[in-house]
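> Dumping the structure here so I can ask a few things about it.
There are 2 protein chains.
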Amino acid sequence: MTRTRGIARPQTSPSADDVARLAVSTVIFSLRRRPGDELPTLVLPLVPRTRDPFAGLWALPGGWLDGQESLDAAASRTLAETTALTPSYLEQLYAFGAVDRSPTRVVSIVYWALLRADEVDASAADAPENVEWFAAASLPRLAFDHNDIVDYALWRLRNKVGYSRIAHGLLPDRFTLADLREVNEAILGRRLDPANFRRQVENSGTLIPTDDFRTGSHRPARLYTYNRDVELADRGPLDMH
Amino acid sequence: MTRTRGIARPQTSPSADDVARLAVSTVIFSLRRRPGDELPTLVLPLVPRTRDPFAGLWALPGGWLDGQESLDAAASRTLAETTALTPSYLEQLYAFGAVDRSPTRVVSIVYWALLRADEVDASAADAPENVEWFAAASLPRLAFDHNDIVDYALWRLRNKVGYSRIAHGLLPDRFTLADLREVNEAILGRRLDPANFRRQVENSGTLIPTDDFRTGSHRPARLYTYNRDVELADRGPLDMH
């Protein structure tokens, strides 16, 4: 051991004090439709910073990694502590580690999940009062690099709807093709041609038609359900751990 | 500040000493064909551990994060220091943080890249003597959870060849469809039907045919080049930073 300015430093590995601390943050996307809205809005929960750095600004839910928990567990715990949200599955999104993203060196492992409005509503009574949901497309200036993190999550989400079943995370068990199209439209921020969309979905093999229809003010619409043979989030070998 | 067993601990955030240290590791895939091989083999470089934990076992190239460098920079630096390899682009793969992956708590941010054989050969003279290339499909027991990390990287690579241009990272500027098919076959570990493969590639819009042909012992084969309008690795908003 050598000593530099009073700090014990092993020679073969850095003292963690002068390198980086590890935090986890979470981007939770949901859809909210206000009366009169043509399309639902993609929203996410934020919590206000109560101390520096960035006191008073809004930030993604999160916290410090605990020494005795995995990264996944830390993401679930800090999300529950700050928002009372408990998604069944959080996916690791990206590790953000720019040197200047915080006054002290902090690397944040960011997770994300999609939640249906009824899942959000179910935990609303337990949510701390300071949690607020914001439209993802028009956020205020956030703490740290959290605007960049949300931009990246939005980009990944919009890319992923093209080749995966991710939009289904925002739908109930049974839904119409119009419901599914609307979720895709809300994520992409633009209208999709109904006939083209129906053709793509029917060719994808990800949906199973049921014998039931939704009736109401429009003509009856067939209800579909997920093809459970196709994984919602295929993590490959990671699922073994 | 409170003091516990002589270690200064701030009250509002954990001391990094008792949480986790941050390391970076890199999975570099290349293809190697030995005389007589029907297909090239997917290979990756490993370095032997010279000290505990896991002294004597092979491990992925990597090292500790330095306090004044980004995660990307740390990955490039530690890869160059241990293997002399300097890929033009390293992509972040995943952060591995299981509590028991090392005797002390270490979270590893893993990067990956694909390198052509000639790129590997160009740096071979500078490579430390202890670097060895192993067939990805038949690795020995590696240090830490590095076998799991390679399995995950292989799974991602095999998935990605289906919807991205990633296989081109293993090809020269101009190549035949047979060259491209062979790279895909080596990654997937199985033969592909030449006619189906040709049809898929021609429909994908990712290749541009040149007016040149490769001649030799077989009938002349047209040379193709990349469509540079399609990004090799589209990182979206991350490319702004």
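These protein sequences, in sequence, are chains L and B.
Each step along the first sequence adds one to the number in our numbering, with nothing skipped, and position 145 is 134.
Each step along the second sequence adds one to the number in our numbering, with nothing skipped, and position 75 is 64.
Just so it is clear, CB atoms sit at the ideal spot from N, CA and C, and this is done for glycine as well.
(1) Is it buried or exposed for residue 126/B, if we count other Cβ within 10 angstroms and need 16 for buried?
(2) Do you know how far the Cα of residue 196/B is from the Cα of residue 216/B?
(3) Check whether the Cβ of residue 34/L lies closer than 9 Å to any Cβ atom in chain B.
(4) Apply the 10 Å Cβ neighbour rule to residue 171/B and answer buried if 16 or more other Cβ atoms are within range, or exposed otherwise.
(5) Smallest Cα separation from residue 19/B: which of 162/B, 187/B, 123/B, 99/B?
(6) Taking 9 Å as the CB-CB cut-off, is residue 231/L touching chain B?
(7) Does DSSP put residue 86/B in a helix, in a strand, or in coil?
(8) Spatial neighbours of residue 64/L within its chain, please: C-beta separation below 7 Å, excluding the five flanking residues on both sides.
(9) Taking residue 237/L as part of the beta strand (DSSP E), name the residues at either end of that continuous run.
(10) Since residue 88/B contacts residue 11/B with CB under 8 Å, what's their CB separation in whole angstroms?
(11) What's the C-alpha gap between residue 166/B and residue 76/B?
(12) Starting from residue 11/L, find everything on chain B with Cβ-Cβ shorter than 7 Å and list it in chain order.
(13) Runs of 4 residues minimum, wholly inside the region 15 to 78 of chain L: which ones carry the alpha helix (DSSP H) assignment?
(14) Taking CB distances under 9 Å as the criterion, tell me whether residue 88/L reaches chain B.
(15) In the DSSP assignment, the alpha helix (DSSP H) including residue 186/B goes from what residue to what residue?
(16) Return the CA-CA distance between residue 29/B and residue 106/B, expressed in angstroms with no decimal places.
(17) Taking 9 Å as the threshold (C-beta atoms), are residue 108/B and residue 34/B in contact?
(18) Assuming contact is defined by CB atoms lying nearer than 9 Å, are residue 146/B and residue 98/B in contact in what I supplied?
(19) Note down, in chain order, every chain C residue with its Cβ under 7 Å from the Cβ of residue 140/B.
(20) Identify the residues that DSSP records as bridge partners of residue 80/B: which are they?
(21) Shortest alpha-carbon distance to residue 169/B belongs to which of 66/B, 84/B, 141/B, 210/B?
(22) At least one CB of chain L closer than 9 Å to the CB of residue 3/B: is that the case?
(23) Quick check on residue 13/B: does DSSP put it in helix, strand or coil?
(24) For residue 25/B and residue 31/B, what's the separation of their Cα atoms in angstroms?
(25) Spatial neighbours of residue 53/L within its chain, please: C-beta separation below 6 Å, excluding the five flanking residues on both sides.
(26) Give, in chain order, every residue of the region 41 to 60 of chain B whose Cβ lies closer than 8 Å to some Cβ of chain L.
(27) Per the DSSP calculation, residue 131/B is bridged to which residue(s)?
(28) Along the region 144 to 159 of chain B, where does the CB come closer than 8 Å to a CB of chain L? Name the residues.
(29) I'd like to know whether the C-beta atoms of residue 202/B and residue 133/B end up nearer to each other than 9 Å.
(30) Strictly under 9 Å for the Cβ-Cβ distance: is residue 102/L near chain B by that measure?
(31) Can you round the beta-carbon distance between residue 94/L and residue 184/L to whole angstroms, since I take them to be within the 8 Å contact cut?
(32) Give the DSSP-derived three-state secondary structure of residue 218/B in the structure shown.
(33) Tell me the rounded alpha-carbon separation between residue 51/B and residue 41/B.
(34) Enumerate in chain order the residues of its own chain whose CB-to-CB distance from residue 116/L is below 7 Å, with the five nearest sequence positions on each side excluded.
(35) Compute the Euclidean distance between the alpha carbons of residue 190/L and residue 49/L, then round it to the nearest angstrom.
(36) Under 9 Å between C-beta atoms, does residue 78/L make it to chain B?
Per the coordinate set shown:
(1) Residue numbering aside, residue 126/B sits at position 137 when the second sequence is read from its first letter. Flag for residue 126/B reads exposed.
(2) Residue mapping note: residue 216/B aligns to position 227 of the second sequence, counting from 1. Residue mapping note: residue 196/B aligns to position 207 of the second sequence, counting from 1. So the alpha carbons of these two residues sit roughly 5 Å apart.
(3) To locate residue 34/L, count along the first sequence from 1; it is residue 45. Closer than 9 Å: no.
(4) On the second sequence, residue 171/B is found 182 positions in, with the first residue counted as 1. So residue 171/B counts as buried.
(5) Against the second sequence, residue 19/B aligns to sequence position 30. Closest by alpha carbon: 123/B.
(6) Beyond the ends of chain L as shown, which are -10 and 230, falls residue 231/L; an answer cannot be given.
(7) Translated into positions along the second sequence, residue 86/B becomes position 97. If DSSP states are grouped into helix, strand and coil, residue 86/B belongs with coil.
(8) In the first sequence, the residue the question calls residue 64/L occupies position 75. Taken in chain order, the residues that qualify are 13, 15, 79, 100.
(9) Because chain L spans -10 through 230 in this model, residue 237/L falls outside it and cannot be assessed.
(10) As a working note, residue 88/B is residue 99 in the second sequence. As a working note, residue 11/B is residue 22 in the second sequence. Their Cβ separation, rounded to whole angstroms, is 15 Å, which puts residue 88/B and residue 11/B out of contact at 8 Å.
(11) To locate residue 166/B, count along the second sequence from 1; it is residue 177. To locate residue 76/B, count along the second sequence from 1; it is residue 87. Near 25 Å, if we compare the C-alpha coordinates of residue 76/B and residue 166/B.
(12) If you number the first sequence from 1, residue 11/L lands on position 22. Within chain B, the residues near residue 11/L are 8, 9, 11, 96.
(13) 60 to 72
(14) Taking the first sequence and counting its residues from 1, the one referred to as residue 88/L is at position 99. Cβ-Cβ to chain B under 9 Å: yes for residue 88/L.
(15) In the second sequence, residue 186/B corresponds to position 197, counting from 1. Per DSSP, residue 186/B belongs to the alpha helix (DSSP H) from 183 to 193.
(16) Numbered from its first residue, the second sequence carries residue 29/B at position 40. Numbered from its first residue, the second sequence carries residue 106/B at position 117. Roughly 11 Å between the two C-alpha positions.
(17) Residue 34/B sits at position 45 when you count from the first residue of the second sequence. Residue 108/B sits at position 119 when you count from the first residue of the second sequence. No, the pair does not count as a contact, with Cβ atoms beyond the cut-off.
(18) Residue 146/B sits at position 157 when you count from the first residue of the second sequence. Residue 98/B sits at position 109 when you count from the first residue of the second sequence. No. Outside cutoff.
(19) Among the protein chains of the structure shown, namely L and B, there is no chain C.
(20) For this step, residue 80/B is matched to residue 91 along the second sequence. Per DSSP, 101/B.
(21) Numbered from 1 along the second sequence, position 180 holds the residue referred to as residue 169/B. Ranking the options by Cα distance to residue 169/B, first place goes to 210/B.
(22) Counted from its first residue, the second sequence places residue 3/B at position 14. Bear in mind that a pLDDT of 49 at residue 3/B, under 50, signals an unreliable position, so the number given afterwards is only what the model happens to contain. By this cut-off, residue 3/B is an interface position.
(23) In the second sequence, counting from the first residue as 1, residue 13/B sits at position 24. Looking at residue 13/B - three-state DSSP - the assignment turns out to be strand.
(24) Along the second sequence, one-based indexing puts residue 25/B at 36. Along the second sequence, one-based indexing puts residue 31/B at 42. Residue 25/B and residue 31/B: Cα-Cα distance of roughly 16 Å.
(25) Within the first sequence, the letter at position 64 stands for residue 53/L. Same-chain partners within the cutoff: 12.
(26) 53, 54, 55, 56, 57, 58, 59, 60
(27) Walking along the second sequence from the start, residue 131/B turns up at place 142. In DSSP, residue 131/B forms a bridge with 47/B.
(28) 144, 145, 148, 152
(29) Taking the first residue of the second sequence as position 1, residue 202/B is located at position 213. Taking the first residue of the second sequence as position 1, residue 133/B is located at position 144. No, these two residues do not count as a Cβ contact at 9 Å.
(30) One-based indexing of the first sequence puts residue 102/L at position 113. Residue 102/L does not count as touching chain B.
(31) Working through the first sequence from its first residue, we reach residue 94/L at position 105. Working through the first sequence from its first residue, we reach residue 184/L at position 195. Not a contact, Cβ separation roughly 53 Å.
(32) Within the second sequence, numbered from 1, the residue matching residue 218/B stands at position 229. Correct three-state label for residue 218/B: coil.
(33) Position 62 of the second sequence, counting from 1, holds the residue named residue 51/B. Position 52 of the second sequence, counting from 1, holds the residue named residue 41/B. Roughly 15 Å separates the two Cα atoms.
(34) Within the first sequence, numbered from 1, the residue matching residue 116/L stands at position 127. Excluding residues within five positions, the ones whose Cβ falls inside 7 Å are 72, 73.
(35) If you number the first sequence from 1, residue 190/L lands on position 201. If you number the first sequence from 1, residue 49/L lands on position 60. Those two C-alpha atoms are separated by around 33 Å.
(36) Stepping through the first sequence from its first residue, residue 78/L is reached at position 89. Not closer than 9 Å to any Cβ of chain B, the Cβ of residue 78/L fails to qualify, so no.
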